[in-house]
């Protein structure tokens, strides 16, 4: 769910970063840790979506997890490169 920041930034919606993941996925854990480390600086929300038990998501993403989306748009999979993520988030914000 998106949340509006408090203070002077209240007119700007926070971006939603969705991580499609599986239970026991060490690459997923690493990607989420990287995103969480960027969260204070870049001000976005993280949603974890487990694909286990969802036939549609399992078929779509299979073993390619983690899959990262920014505001519903595919960003990357497997690993989060902080500079690439920062750049993609900046581009998204310029077009909002």
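Residue numbers (our numbering): 123 to 218. Glycine is no exception: its CB is placed at the ideal position from the N, C-alpha and C atoms. Note that this is a predicted model, so its numbers are computed, not measured.
query	result
Rounded distance between the beta-carbons of residue 211 and residue 172, thought under 8 Å	The pair is not a contact, with the Cβ atoms about 23 Å apart (cut-off 8 Å).
Three-state class that DSSP yields for residue 142 in the structure shown	strand
Beta strand (DSSP E) runs wholly inside the stretch 140–184, at least 3 long, in chain order	166–172
Span of the alpha helix (DSSP H), counted from its first residue to its last, around residue 218	Segment: none, residue 218 is in no alpha helix (DSSP H) and carries neither H nor E.
Opening and closing residue of the beta strand (DSSP E) in which residue 195 lies	195–199
Residue of 217, 190, 143, 218 minimising C-alpha distance to residue 176	143
Residue 140 classed as buried or exposed, judged by whether at least 16 other C-beta atoms fall within 10 angstroms	buried
Range of the contiguous beta strand (DSSP E) that encloses residue 187	No beta strand (DSSP E) contains residue 187, which DSSP labels as neither H nor E.
Proximity winner among 174, 183, 188, 137, relative to residue 155 (alpha-carbon distances)	188
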